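Numbering (our numbering), first residue to last: 11 to 890. Glycine included, every Cβ here is placed at the ideal spot set by N, Cα and C. Note that this is a predicted model, so its numbers are computed, not measured.
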């Protein structure tokens, strides 16, 4: 067959070539479709015969001397005359084997990193090397426009061996001319895809891919706007014994080894994403006519495989599901590019619109001569070149001895190497476990190694300490006795020492008792920021009651509703607010009445497990429920946080009204249980960074706690640097940009995570400039678990539901036993109870927590990792 000359009628491109052509125009320096394979010959080697055989391969198969260009306004193939490649033999045989391999990898990687010019070509780059022990390798650099794996193992290698044997023996070529050219295949495909058979197949895919999920495998970095496809490689292997067991399992299910391995990949993706509906792709051959079987060129297309893992099937059952999905996909094969064009799927932004991972398996194929071998997956070369077509691609090569050699290729803009290495290890563990117990439920298959589980459940939760003894107000009393004249609280011109605060609180406690308040009652406190508010709350505790702090800005009906719901027996209110209250029937007492201000503190004993605070928390569908917080829990959280922050009598803590309302269980007690001084900021000052800076300087404030949104407002309104200031952020996501702005304005920045139900903050991290923002590790006597829907720990880097356990977990929701039962569960790995936060989280390798803030909290259903919100540094300890 004579090749047409350049300028003759140009054959059309195939559907796949068309897509790659346009991709090359948009990103001419992209290396994603630069491929490298090796053809190996051991023993005696006739370099001249080999060069002649290779040139004959290129002459016979037009695809390897084809370039693409725009002709008549459309992309077309330009078939060029057969070249004669200069194939010098690079001799590395004098080196030791390991240095020779490294040198070969370096030489081939240099060649492979050069972009292809698809208009000018050539799109084939051969490199011939001699290595020690009479090993000879033809490294072939190829653009995916002109080849696929089927071309190589079905056509090129057998023909190359036959031609080499003939030429080295002085005989002519024994091969007949190919019955079809790649141009014939491309013309047929373009005609076929426009016909009724393809239309019926597209209709199948339209139904099959409806409501397609986006795979939620957690990424280490955000997806960039423009993918660079910088790849990395992690090598892996499956031993022959495990492969034999998987093959036997496949025979029992009527499935191939590939279908069994595809099932293990689906399980891994499901376990990493938390989804029971996962999609990935695998390549399939579109050579659907007998005369196309010897065509060399790009004739493969990705086939999406949608795997249903609902109902927690056994592995053997899931193999059948995957087998059916593979067979159905192959029965309805169409070029993927046309599938995307017809369906317009809504996929992940800046990623493949249907799948983000692939599984590629090359079956074991014995060469016609045992001295020859084809290696499609060169791990060392691939690692050096660094190309990635999708987020993750598992490539497996079945070797003649029965084991699987493979590599996990990943996008380095999305994943860290350590993350993918763990993923490869987990896949290997899954394969071994599933092969050993195919009847086991997929959810029960071990995923973590014992060392990983020990690290997460025990080592990172080794927080037990001797907690504070006594009720919260008793801890304050200790400091009052130790430093009676030390300043305790200031608000504007008003101030109280520790002794004065105790006395004022004692007077309020006596008035509450006289009004009929009993131990265990709830007393609402409503006031603008003032010293009286602090004394009132402390007085409620001295009376043996629990306080409910009310936002004075709430509408009267919401205030009455909350007091009624909480069962408030009385309300302490400032004189300007007292007239708005009382509709609930609770007795209204004046908060700023200073009668008996010099009375001694009340000595009423309160059990540590008694409820000391009632605070509202968002629970379901935007509604709030009252949470009962125990004295022991409040004391434990306050002391733990104060210890980590290093608070002491020399400190002044600035309290903002908004923060006080959201974290009332901690904001007042954090300074008072450590002998520090509270500085109350008025509502007028709290939103003005410049004026607040003056207050910080005047009062020598050393600690300020605020939500990130409040911190941003303060910065925007002129907050100045204060080098003695320790900043605490929590309750909302803390961005990297905001963290850096805060670090410019303070001595140290802390970031915390917690909820009302965990009595405020349960984890804490010191924020550093060069380290990603996290919420750190559990505080003293707190434990954190990241679990899957079956309450088992997930691997580092994998998303799961965050559960908080330990001494700070609240007693539950008042009057809502249903919500309490759903949210507060037995600690699965320790004593006591745990709170299901409803937030998604993941561990970092060093033991720090990251939290993905959910857009809204559900009624304690296990959250889907696919619906997780933004990866952030904190979730709030906020109220409603």
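Which two residues bound the contiguous alpha helix (DSSP H) that contains residue i?
{"i": "residue 722", "result": "718 to 726"}
{"i": "residue 64", "result": "57 to 70"}
{"i": "residue 681", "result": "679 to 682"}
{"i": "residue 27", "result": "25 to 36"}
{"i": "residue 585", "result": "585 to 588"}
{"i": "residue 193", "result": "192 to 203"}
{"i": "residue 437", "result": "427 to 446"}
{"i": "residue 747", "result": "746 to 753"}
If distances are taken between C-alpha atoms only, which option among the options comes closest to residue i?
{"i": "residue 816", "options": "688, 845, 301", "result": "845"}
{"i": "residue 295", "options": "158, 811, 225", "result": "158"}
{"i": "residue 150", "options": "814, 458, 225, 44", "result": "44"}
{"i": "residue 80", "options": "511, 64, 128", "result": "128"}
{"i": "residue 445", "options": "255, 35, 553", "result": "255"}
{"i": "residue 374", "options": "84, 250, 666", "result": "250"}
{"i": "residue 575", "options": "667, 636, 237, 262", "result": "636"}
{"i": "residue 122", "options": "46, 106, 194, 71", "result": "46"}
{"i": "residue 779", "options": "789, 766, 750", "result": "750"}
{"i": "residue 614", "options": "568, 555, 633, 848", "result": "555"}
{"i": "residue 59", "options": "577, 345, 839, 171", "result": "171"}
{"i": "residue 279", "options": "809, 829, 827", "result": "809"}
{"i": "residue 147", "options": "202, 187, 31, 50", "result": "50"}
{"i": "residue 75", "options": "84, 65, 252", "result": "65"}
{"i": "residue 228", "options": "433, 300, 42, 649", "result": "433"}
{"i": "residue 97", "options": "135, 164, 238, 687", "result": "135"}
{"i": "residue 104", "options": "145, 68, 118, 117", "result": "145"}
{"i": "residue 354", "options": "216, 420, 484", "result": "216"}
{"i": "residue 625", "options": "168, 765, 539, 312", "result": "765"}
Less than 7 Å between C-beta atoms, sequence neighbours within five positions excluded: which residues of the same chain meet that for residue i?
{"i": "residue 893", "result": "Here the chain comprises residues numbered 11 to 890, so residue 893 is not present and cannot be evaluated."}
{"i": "residue 38", "result": "125"}
{"i": "residue 466", "result": "803, 853"}
{"i": "residue 308", "result": "24, 26, 27, 154, 155, 156, 157, 158"}
{"i": "residue 362", "result": "400"}
{"i": "residue 72", "result": "13, 89, 191, 192, 193"}
Can you name the start and end residues of the beta strand (DSSP E) that residue i belongs to?
{"i": "residue 493", "result": "Neither: residue 493 is in no beta strand (DSSP E) and is coded neither H nor E."}
{"i": "residue 85", "result": "84 to 89"}
{"i": "residue 505", "result": "504 to 507"}
{"i": "residue 622", "result": "621 to 628"}
{"i": "residue 45", "result": "44 to 52"}
{"i": "residue 635", "result": "634 to 640"}
{"i": "residue 77", "result": "76 to 81"}
{"i": "residue 736", "result": "736 to 739"}
Excluding sequence positions up to five away, which residues of its chain have a Cβ less than 6 Å from the Cβ of residue i?
{"i": "residue 425", "result": "230"}
{"i": "residue 762", "result": "740, 771, 774"}
{"i": "residue 500", "result": "689"}
{"i": "residue 587", "result": "536, 562"}
{"i": "residue 671", "result": "561"}
{"i": "residue 273", "result": "328, 329, 332"}
{"i": "residue 824", "result": "636, 638"}
Can we count residue i as close to the ligand NAD, meaning its CB is less than 8 Å from some heavy atom?
{"i": "residue 516", "result": "The ligand content of the structure shown is nil, which means the ligand NAD is not present either."}
Residues bridged to residue i by DSSP?
{"i": "residue 144", "result": "In the DSSP output, where bridge partners are listed per residue, residue 144 has none listed."}
{"i": "residue 405", "result": "370, 417"}
{"i": "residue 771", "result": "764"}
{"i": "residue 365", "result": "In DSSP, residue 365 forms no bridge with anything."}
{"i": "residue 385", "result": "48"}
{"i": "residue 39", "result": "BP columns for residue 39 are empty, so no partner."}
{"i": "residue 794", "result": "814"}
{"i": "residue 786", "result": "859"}
Keeping to the same chain, check which residues put their C-beta closer than 8 Å to that of residue i; ignore five residues upstream and five downstream.
{"i": "residue 200", "result": "22, 24, 25"}
{"i": "residue 533", "result": "522, 527, 550, 553, 555, 556, 557, 558, 578, 579, 580, 581, 582"}
{"i": "residue 288", "result": "223, 225, 276, 279, 280, 316, 317, 319"}
Quick one: complete beta strand (DSSP E) runs, 3+ long, within the region 517 to 565?
532 to 536, 556 to 560
Length-filtered (4 minimum) alpha helix (DSSP H) runs lying within the region 451 to 485:
460 to 467
Runs of alpha helix (DSSP H) lying entirely within the region 279 to 360, each at least 4 residues, in chain order:
Complete alpha helix (DSSP H) runs here, min 4: 325 to 341, 346 to 353.
If you scan the region 654 to 717 from start to end, which runs of the alpha helix (DSSP H) of 4 or more residues do you find wholly inside it?
Whole alpha helix (DSSP H) segments, 4+ residues: 667 to 672, 674 to 677, 679 to 682, 693 to 696, 699 to 709.
I'd like the ranges of any beta strand (DSSP E) spanning at least 3 consecutive residues and lying wholly in the region 802 to 870.
810 to 816, 834 to 836, 843 to 853, 859 to 862
Every unbroken alpha helix (DSSP H) within the region 115 to 185, with a cutoff of 4 residues, ordered by chain:
167 to 178
Quick check for students: name the residue ranges of the alpha helix (DSSP H) that lie wholly in the region 206 to 273, counting only runs of 4 or more.
206 to 218, 250 to 263
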